[in-house]
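Just so you know, we're using the working numbering here: the sequence shown kicks off at 80 and counts up by one. Idealized CB from N, CA, C, for every residue including glycine.
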Amino acid sequence: MRTEIVSEPGLPDRPNEDFASVGLPASGQGGALVVLDGVTPPRTGTGCLHSVPWFTARLGGALTELTVSLPDVPLAGVLSRALARTSAAHAETCDLSHPRTPQATVVLARWSAAAVEYLVLSDSALLVEAPDGTVTALLDDRLERLPPGALASEAVADGTYRNKEGGFFTAAADPAVARRAVAGVLRRSDVRALVALTDGATRWVETFREGDWPDCLAVVREEGARALVDRVRWLERADTGRRFLGRAKRHDDATVVHAEL
């Protein structure tokens, strides 16, 4: 097995709100990856004393531990337990019912000799390559299915769609959100490689349309995870007319985790 992790903040003077890790059990058999994309907080506050990096570090740390130490617990159960642990760490000091309490998108994958489990929540992505080279993108597309104007303002998005039925879901304070994730199990023999990406890295496909998902995985395999992030940064700088980025922030935190199984 070979793994590679690249995670870069959108701006050098701001903390990286992403989290990435690869965990290997003591037996040396199998492994797991964790990728979180912290949701940048609004200027109006979150009801929490803690930063988004504080949240992603604690949730990511719990997920890294539990995916490896609880191999018989499905990934949705692992996410639920990790969220409960993280929420308990600041429930007495913070308003966890606030719609913008620190939260993150989630990608989890865990593999053994027999199976590859996966979980995706919100707009990060997990690419799965089969032995014949076929690439499948495992996505949670609920953001794309929102009605026009749903994300036009924070008030509308938070009040009507964020972590609500008929809207979209992120990992925040409620452990029950784990049941909303896109999750499943693949045969180990059907998987050659995995690539997990936050939306700062998926811009190469989804925003700039430089290639499709197989092209994206090919860049990571042939040139490395750093090359994909560098390509995104070049495209962001070149889009001076905001043709592609529109109202989106010019540079976003970008994380890529590549695992050859």
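Item, Value
"DSSP-derived helix/strand/coil call for LEU187", "strand"
"Burial state of ALA275 (16 or more Cβ within 10 Å)", "buried"
"Neighbour-count burial assignment, ARG189, 16 or more Cβ in a 10 Å radius", "buried"
"Residue closest to ARG329, alpha-carbon to alpha-carbon, out of ALA280, GLU289, VAL147", "ALA280"
"Sequence ranges, beta strand (DSSP E) only - wholly within the segment 269-334, length at least 3", "272-276"
"Selected residue, minimal CA-CA separation from ASP219, among ALA250, GLU144, ASP294, VAL235", "ALA250"
"Among PHE134, GLY124, LEU103, nearest to LEU115 - alpha-carbon criterion", "PHE134"
"ALA170 - containing alpha helix (DSSP H), residue span", "Note, ALA170: premise wrong, no alpha helix (DSSP H); not H, not E."
"In DSSP terms, what TYR197 is bridged to", "ALA188, GLY263"
"Straight-line Cα distance separating GLU83 from ALA304", "7 Å"
"Three-state secondary structure (DSSP) of ALA229", "coil"
"Through-space distance from LEU314 to GLY89, alpha-carbon basis", "13 Å"
"Residue interval of the alpha helix (DSSP H) (run including VAL118)", "No alpha helix (DSSP H) holds VAL118; DSSP gives it neither H nor E."
"Range covered by the beta strand (DSSP E) that runs through LEU217", "214-218"
"Buried or exposed (CB count within 10 angstroms, at least 16 for buried), GLY109", "buried"
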